[in-house]
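The structure appears right after this line, and notes come after that.
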Amino acid sequence: MKNILAVFGATGIQGGSIINHVLNDPELSQIYEIRAITRDTTSDKAKKLKEKVTVVEGDVFDPASLATALNGAHTIFAMTTPSFTPDAVEIESNSAKTIADVAVQKGAQYIIFSTLPSVTELSGGKYTHVTPFDAKAVAEKYIRSLPIKSAFVSYGFFMENFHTQPFLGPQKTSDGTWVLARHISSKHKVPYIDATGDAGKFVGAILAEPEKYAGKTFFAILSKTTGKTVVYKQISLDDFEKSLPFAPVLFSEGLSFLEEFGGYFGPLTDELVTWAAGNIKGRLTTLEEFLRANPLQLV
Numbered sequence: 007m008k009n010i011l012a013v014f015g016a017t018g019i020q021g022g023s024i025i026n027h028v029l030n031d032p033e034l035s036q037i038y039e040i041r042a043i044t045r046d047t048t049s050d051k052a053k054k055l056k057e058k059v060t061v062v063e064g065d066v067f068d069p070a071s072l073a074t075a076l077n078g079a080h081t082i083f084a085m086t087t088p089s090f091t092p093d094a095v096e097i098e099s100n101s102a103k104t105i106a107d108v109a110v111q112k113g114a115q116y117i118i119f120s121t122l123p124s125v126t127e128l129s130g131g132k133y134t135h136v137t138p139f140d141a142k143a144v145a146e147k148y149i150r151s152l153p154i155k156s157a158f159v160s161y162g163f164f165m166e167n168f169h170t171q172p173f174l175g176p177q178k179t180s181d182g183t184w185v186l187a188r189h190i191s192s193k194h195k196v197p198y199i200d201a202t203g204d205a206g207k208f209v210g211a212i213l214a215e216p217e218k219y220a221g222k223t224f225f226a227i228l229s230k231t232t233g234k235t236v237v238y239k240q241i242s243l244d245d246f247e248k249s250l251p252f253a254p255v256l257f258s259e260g261l262s263f264l265e266e267f268g269g270y271f272g273p274l275t276d277e278l279v280t281w282a283a284g285n286i287k288g289r290l291t292t293l294e295e296f297l298r299a300n301p302l303q304l305v
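Count along the sequence shown from 1, add 6, and you get the number used in this note's numbering.
Next up, the structure:
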């Protein structure tokens, strides 16, 4: 009898990558039966997903729906979406806590949570507005305190954001040149991952050997660069924030933290990423490969 793997965010990038990875892995597909959880089972994406796996309704703001969705689940992949309200950390972390609490109540055996490090803590309180990171860190700490085995994945910037958040991509200047403008030095690495193609590989490693990776975190980014360069311009902090359509301080502090405190995951970024990459099956997509398959529409 297969173990039920309940996947939150099933119609999104992370959940979809995990589902596809498990279905296409000859070993994992024999161990796990996927139960996709989504807020709206009538959406076009949910209907398409029903052709491959069981799809059920589950909403973090409706614990009763979660209790039904997680009934009989053995392993749970949980993720949360950022809030941009004044209570962002509390709102997002409470969503994860609700999932975890219901999972424990329903007798689940394992939780895999998509986390991020606390920028507030790592920066010694200097940068306090990178709320999606802080919220996930709060949730991770809570999950680790529960009577259930757990493991974690922590992803870098999604390459897909070049398309979904074009304001963070190259912009055309008055002389026709395309420029990637930031307020930090070009010497610092900004980590990317092809979330659609590769996010599932890291979760797949945990699913294949859950006891081995219990309590551990996969810091998942592309650790190999292509050697290609882009036209980069360092601009002032004020100009960078003015270029953003929303949450300017969140984005600027996130990049400032990366530059000042040793990387996306803090001072041990390189070491953590190398360990994670060495513990998965298969190679990771390079940024060049991703953009070749998903070209930017620079017009």
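By construction, the Cβ of each residue, glycine as well, lies at the ideal position given by its N, Cα and C atoms.
Neighbour-count burial assignment, residue i, 16 or more Cβ in a 10 Å radius
i: residue 163; result: buried
i: residue 204; result: buried
i: residue 280; result: exposed
i: residue 27; result: buried
i: residue 238; result: exposed
i: residue 200; result: buried
i: residue 245; result: exposed
i: residue 252; result: exposed
i: residue 267; result: buried
i: residue 191; result: exposed
i: residue 137; result: buried
i: residue 298; result: exposed
i: residue 168; result: buried
i: residue 301; result: exposed
i: residue 216; result: buried
i: residue 277; result: exposed
i: residue 67; result: exposed
i: residue 19; result: buried
i: residue 288; result: exposed
i: residue 49; result: exposed
i: residue 220; result: exposed
i: residue 242; result: exposed
Run of the beta strand (DSSP E) containing residue i, from where it starts to where it stops
i: residue 160; result: 155-161
i: residue 62; result: 60-63
i: residue 275; result: That residue, residue 275, is in no beta strand (DSSP E); its alpha helix (DSSP H) goes 275-283.
i: residue 118; result: 116-120
i: residue 300; result: Segment: none, residue 300 is in no beta strand (DSSP E) and carries neither H nor E.
i: residue 39; result: 38-44
Start and end residues, alpha helix (DSSP H) containing residue i
i: residue 217; result: 216-219
i: residue 357; result: Nothing can be reported for residue 357, as the shown portion of the chain is limited to 7 through 305.
i: residue 142; result: 137-150
i: residue 193; result: No alpha helix (DSSP H) contains residue 193, which DSSP labels as neither H nor E.
i: residue 97; result: 94-111
i: residue 87; result: No alpha helix (DSSP H) contains residue 87, which DSSP labels as neither H nor E.
i: residue 126; result: 125-128
i: residue 257; result: 254-266
Cut-off 6 Å between Cβ atoms - residues of its own chain near residue i, not counting five sequence neighbours on either side
i: residue 61; result: 42, 47, 52, 55
i: residue 179; result: 185
i: residue 24; result: 13, 83, 206, 209
i: residue 63; result: 47, 71
i: residue 259; result: 133, 135, 136
i: residue 230; result: Bear in mind that a pLDDT of 47 at residue 230, under 50, signals an unreliable position, so the number given afterwards is only what the model happens to contain. Result list for residue 230: empty, nothing under 6 Å.
i: residue 65; result: 45, 71
i: residue 263; result: 125, 129, 133
i: residue 148; result: 103
Paired residues, beta bridge with residue i - DSSP
i: residue 28; result: Per DSSP, none; premise fails for residue 28.
i: residue 185; result: 177
i: residue 11; result: 40, 81
i: residue 223; result: 158
i: residue 199; result: 164
i: residue 239; result: 187
i: residue 68; result: 65
Close-in-space but distant-in-sequence residues of the same chain around residue i (CB under 7 Å, 5 per side omitted)
i: residue 15; result: 21, 85
i: residue 139; result: 122, 123, 124, 125
i: residue 152; result: 106, 110
i: residue 34; result: 28, 210, 213, 214
i: residue 37; result: 8, 9
i: residue 174; result: 167
i: residue 306; result: What the structure shows of the chain is the stretch from 7 to 305, and residue 306 is not part of that stretch, so it cannot be assessed.
i: residue 58; result: 29
i: residue 256; result: 135, 136, 137
8 Å CB neighbourhood of residue i in its chain, flanking five on each side removed
i: residue 121; result: 142, 143, 145, 146, 158, 159, 160, 223
i: residue 79; result: 10, 11, 12, 41, 109, 112, 114
i: residue 88; result: 94, 98, 137, 138, 141
Residue-chain proximity (residue i, chain C), Cβ-Cβ < 8 Å
i: residue 261; result: The structure shown contains no chain C, having only a single protein chain.
For this session: Indicate whether the contact test is met: 3 or more Cβ pairs, each with one atom in the stretch 92-105 and one in the stretch 203-223, closer than 8 Å.
Result: no
Exercise. Is the stretch 267-286 close to the stretch 118-133, with three or more CB pairs under 8 Å?
Worked result: yes
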